[in-house]
Each structure stands twice: as C-alpha cells, then as structure tokens.
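Protein chains: 2
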Amino acid sequence: MFKYCSNWVSDKCMSTKNKILDAAEDLFAVKGFNGTSLREITSQAEVNLAAVNYHFGSKKELIKAVMSRYMNELAPNLETVLLEVCEQDKPTLTQVFSAFAEPLLSLNDFRENGTSNFLQLLGRGYTDSQGFLRWFLTTQYPNVIQYFVDAVHKAYPELSAEEMFWRLHFTMGTIVFTMSSSEALLDIAKSDFHQDVEIASLIEQVIPYIAAGVAAPVGGART
Amino acid sequence: MFKYCSNWVSDKCMSTKNKILDAAEDLFAVKGFNGTSLREITSQAEVNLAAVNYHFGSKKELIKAVMSRYMNELAPNLETVLLEVCEQDKPTLTQVFSAFAEPLLSLNDFRENGTSNFLQLLGRGYTDSQGFLRWFLTTQYPNVIQYFVDAVHKAYPELSAEEMFWRLHFTMGTIVFTMSSSEALLDIAKSDFHQDVEIASLIEQVIPYIAAGVAAPVGGART
DNA sequence: CGCTATTTTAAACGCACGTTTAAACTGAAT
DNA sequence: ATTCAGTTTAAACGTGCGTTTAAAATAGCG
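First to last, the sequence lines map onto chains A and B.
For what it's worth, our numbering labels the leading residue of the first sequence as 26, then goes sequentially.
For what it's worth, our numbering labels the leading residue of the second sequence as 26, then goes sequentially.
Structure follows, in structure tokens:
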C-alpha cells in the first residue's frame, strides 16, 4: 500500500497521476484553486473521484504537485541564466529581466500553453489561499530569488534594500496580475486592435515597463 | 414588503444594512469574495444570517453594494483631479499618477482603513469570480477610465493606443496586486527593515515606479 | 389600542464540496 | 492457479454553503 507514490511506480499509476496533474493545471489556471472542485478535475481527467486522494493525499497536496512540476523544470534554468547575467561586469536591468524570457517561453515545449498556464497559476497562488503558495515557493526555491536579487543589485547598486524589496514586489505584481488576467486582456486587445497578441509578445511588452520601473530614480526625483 | 430597500428607508434597516456592508467589506478584503461565507459576515455584523438575502437579495448583489459604496465616493473625486491635471499644458506622468493619491487617501476619512480596504477589494475583484467585477466597474464608471486615459495621453502623446492599453493594465496590476497582498508585504517589510510602513508611504513608493514604467521609451529602446 | 407594513428570527432546504470506505479489479511473482 | 500489493471503483459520509420559509417581533399610524 504505497500511497502518494513517486515517479518510479508502474505506468498505469503514472498515467493516472499525470492525467490528474494535466487536468488540474488547466482548470486551476482558468478558475483558480478555490474555484476548481476535485469533481471537475477528475471528470476532465477521466479518472475516478477518489484518485486524487489516493495518489496525492489531499487537494492541497495536488496544488503543490502541480506547482512543483513546473518549478522543478523552471528553477534550474532560471538559476543558470541569472548567474550568466551576473557574470557580466555591469549588466543592464533590461538584460536581467530579459533573462527570464527564454526559460519561461521554453515551458511551451514542456507542456501545451506551458508559459501562460504557469504564469496564471503563479498569479492564482499569490492571491488565493491566503498566501500559502507564496510561502511554499519562497521556502522551496530560495536560490532563484537570491540570484535574481543579486542580479538586480549588480545592475542597479544604488537601489537600497528597502527600495529593492518594494520594487521587486511591484514587478511581481505586474507580471502575476497581467498573466492571471492575460486571457481576458488578450481577448480585449484582439477585438480593440485587431491584432493577434501572443504570450511571447506580451512578455516583450512588459520587459521595458518593469525595467524602467525598477530603474526609476530613487528619492523622489521626477520623470 | 419592500425588499432590497434603498437608502430612504428607516434607521433600523440602514443600521442592519450598514453593519452587513462593514463586516462584508473587512472580510472580503482579507479573505476574498469566494473565501468569505455569509455566515462569517452576519456573525461579525451581529445580524441574522437571512438578513443578507433580505436586504441585498443575494451574495453577488452584496459584493456589488460593497464596491459601489466606495466607487460612488471615489469616482467624482477622481474625475475632478484627473480633469484638473488635464487642464495643464503638458502634465507629467508623475503628476497624473500623483493625482490618485489624495482621493485614495481620503477614503480613510470615509471608513477606517478605507484606502487599503478598497485597494484590496479591487485586487480581489480582478482575480476572483472570473472578472465579473471588472465588467461591473468598467461599465458603471467609464468616465474615470476615460479621463485617466486622456490624462496619460496628454502627458505622453507618443504612446500608441496599443502600448497605452498594455501599460495601463501593467499599472493596474502593480497597484492591485501590491495592495491585495499589502498586509503580508507590510509585515515582511516591518520585520526585515524594522520600519513602520504605512499605506501612504507605499503609495509614495509605487508612484515613481509606475510613472517610470509607463514613461519607458517605446519600440525596444534599452534602459 | 389595533391594524398594517416592515424587519428579524430560527429552522430547514437542497446542493456541492473534500474525504473516506470497503469491495472489486489488475497484473505480475510464486 | 493462487496470492497479494497496487490500483480503481461506486457509494456514502459529514460539513458548510447560499438560499428560502414561515412565524415572531417591531415599529408607524389611524
């Protein structure tokens, strides 16, 4: 009775587990964690309702598993590119933020709609469930955050720790909010401007914005 | 049997209605709309469970009522200051965004913790309940949005409509996300930097960030 | 007061949720 | 063929939700 089994188990189990993860991911991204029931998930995954509790233990553990699948794929790549940026003498903020683009976009090879799904999940996790996912991410993947802070500091050393703290959270807000409502926004943009905006071009649009925001002069100077 | 009564009704009714609105506002801000039950609200308001459905008709209408109470207070003030900014020959983006500060902060005279409560509610409304509140706000208070767009356009006429659209949504994201997690962030800041950060100083911090973001050069120039 | 309209109350309704149970099934090793 | 761990299944459990009901309490007014 090896409940909550890991990845070495039989193919049949893997298939069910992954069917659940795939369905949960799609539904969580669109309707949020609280807004998605296990019955919806198991129905879309075409597995039995009890399978979630059998394989994952609880809904909360399923949420963690969905996020971990992405973070375990993404974290090493992010650490690599951020360290690369830090090797330069004087990186620019645009370089720092642009470094995120490639690892994020490569999530599309990992899963269909991987990039937008992951960013939407990130957005959900920050507002749903009273921040337990923020705790989960910051404790499970501290290196990514540390390397990022180091890179920003190297690009803009005049920024004090407090200002850095706030501006990085503003940036997180920009990304996370934009992506969690990206579906609606892309629809509006499509109908208003008759242009097909992809998630990649959205990332391109947001980089100059956050780079300029973080680069804003300190101490009340005016723009 | 005048159900769903308006404001001309007796004092007793007003009292119950307002007790519900006050309790609902506080709980919605902290736990979100989906995360707050009518039983929590009526318990905190010290009224009967059925009072919500008697006075407001449904939970959804209660949510609208909570938001309307703020927007009806805020919208005229915002329209005034934005029109004032527009009267200048060439307003700066910092002036445009700074114009929001005073009306937002005056919500603290309207209700205790009015500013942070309202901004948190705004954040909840954009991610909870699949955007029905976004529809509600944009259709009920279109002038505020229009005047704001006009002011930004006057401050930065080179910005194309598409870029304006995205940058304003990035800005919305920055504000809304920051404020919806402001409680947690202010706690972290307090323990990390041993400084007591108020909502007012948070607004001061965010204005240069978003002003610089919106002011970022167009067409892929580097910072 | 007595009548009426309004508000408050306690209780229940039906429903959907996450979770648990125990039996049925599966497939490989003995 | 039997055994048995691992997996799937149908059914149920208890809980909490938004909402409804009908009776009781309250206020306004002749």
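We treat Cβ as the ideally placed atom computed from N, Cα and C, and that holds for glycine.
| Item | Value |
| --- | --- |
| So, using beta-carbon positions, are A241 (chain A) and A237 (chain B) closer together than 7 angstroms? | yes |
| Under a three-way DSSP split, which group does G82 (chain B) fall into? | coil |
| If contact is defined by three or more beta carbon pairs under 8 angstroms, each pair taking one atom from either stretch, is the stretch 189-206 of chain B in contact with the stretch 132-152 of chain B? | yes |
| In chain order, what residues of the same chain lie with their CB nearer than 7 angstroms to the CB of P128 (chain B), ignoring the 5 residues before and after it? | L99, N102, L103 and V106 |
| Rounded to whole angstroms, what is the Cα-Cα separation between G148 (chain A) and I224 (chain A)? | 15 angstroms |
| DSSP on G57 (chain B), reduced to helix/strand/coil? | coil |
| Please determine, among A:F218, A:K56, A:G57 and A:L132, the residue with the shortest C-alpha to C-alpha distance to E187 (chain B). | A:F218 |
| G198 (chain A) versus chain B: which residues are under 7 angstroms apart at the beta carbon? | G198, T199, F202 and T203 |
| In whole angstroms, what separates the C-alpha of L144 (chain B) from that of H178 (chain B)? | 24 angstroms |
| Among the residues of its own chain, which have a CB less than 7 angstroms from the CB of L74 (chain B), if the five just before and after it don't count? | L63, R64 and T67 |
| Output yes if chain A places a C-beta closer than 7 angstroms to the C-beta of Q230 (chain B); else output no. | yes |
| Answer with yes or no whether the minimum CB distance from T140 (chain B) to chain A is below 7 angstroms. | no |
| Quick check: the stretch 81-93 of chain A against the stretch 39-59 of chain A, are at least 3 beta-carbon pairs closer than 8 angstroms? | yes |
| Assign Q220 (chain A) to one of two classes, buried (16 or more other C-beta atoms within 10 Å of its C-beta) or exposed (fewer than that). | exposed |
| When you check each C-beta in the stretch 87-109 of chain A against every C-beta of chain B, which residues fall closer than 7 angstroms? | none |
| Kindly list, in the order they appear in chain B, the residues whose Cβ is closer than 7 angstroms to that of I235 (chain A). | G238 |
| Taking its Cβ as the centre, do 16 or more other Cβ atoms sit within 10 Å of W160 (chain B), making it buried, or is it exposed? | exposed |
| I'd like to check one pair, A126 (chain B) with I235 (chain B): are the Cβ atoms closer than 7 angstroms? | no |
| Just the C-alpha distance for Q165 (chain A) and Q230 (chain A), rounded to the nearest angstrom, thanks. | 30 angstroms |
| Quick one: does R192 (chain B) have its CB under 7 angstroms from some CB of chain A? | yes |
| Below 8 angstroms on the Cβ atoms is my guess for V239 (chain A) versus E183 (chain A); work out the distance and round it to an integer in Å. | Wrong, their Cβ atoms sit about 12 angstroms apart, outside the cutoff. |
| A48 (chain A) by DSSP, collapsed to three states: which one? | helix |
| Please name the residue, chosen from A:A70, A:F53 and A:A54, that lies closest to K44 (chain A) on a Cα-to-Cα basis. | A:A70 |
| Can you tell me which of B:G60, B:K42 and B:M197 puts its alpha carbon nearest to the alpha carbon of G82 (chain B)? | B:K42 |
| Exposed or buried, which one is N32 (chain B) when buried takes at least 16 other CB atoms within 10 Å? | Summary for N32 (chain B): the model assigns pLDDT 42, below 50, so the residue's position carries little reliability; its value from the coordinates is reported in the next sentence. Result: exposed. |
| Check the C-beta distance from M96 (chain B) over to L162 (chain B) and give it rounded, since I have them as a contact under 8 angstroms. | 7 angstroms |
| So is N59 (chain B) in contact with chain A if we call contact Cβ pairs under 7 angstroms? | yes |
| At the level of alpha carbons, what is the spacing between W191 (chain A) and T61 (chain A)? | 32 angstroms |
| Give a yes or no on whether the minimum CB-CB distance between E65 (chain B) and chain A is below 7 angstroms. | no |
| Taking all protein chains shown into account, decide if P233 (chain A) is buried (16 or more other Cβ within 10 angstroms of its Cβ) or exposed. | buried |
| Per DSSP, what kind of secondary structure is E183 (chain B) in: helix, strand or coil? | coil |
| Does DSSP classify D36 (chain B) as helix, strand or coil? | Bear in mind that the predicted position of D36 (chain B) carries a pLDDT of just 42, short of 50, making it unreliable; the figure below should be weighed with that in mind. It is helical. |
| Between which residues of its own chain and L108 (chain A) is the CB-CB distance below 8 angstroms, once the five residues before and five after are set aside? | Y172 |
| For a minimum of 4 consecutive residues, which ranges assigned as the alpha helix (DSSP H) are wholly contained in the stretch 79-129 of chain A? | 84-112 |
| Going by other Cβ atoms of all chains shown within 10 Å of its Cβ, with 16 needed for buried, is Q120 (chain A) buried or exposed? | buried |
| What number of angstroms, rounded off, separates the C-alpha of F135 (chain B) from the C-alpha of V91 (chain B)? | 13 angstroms |
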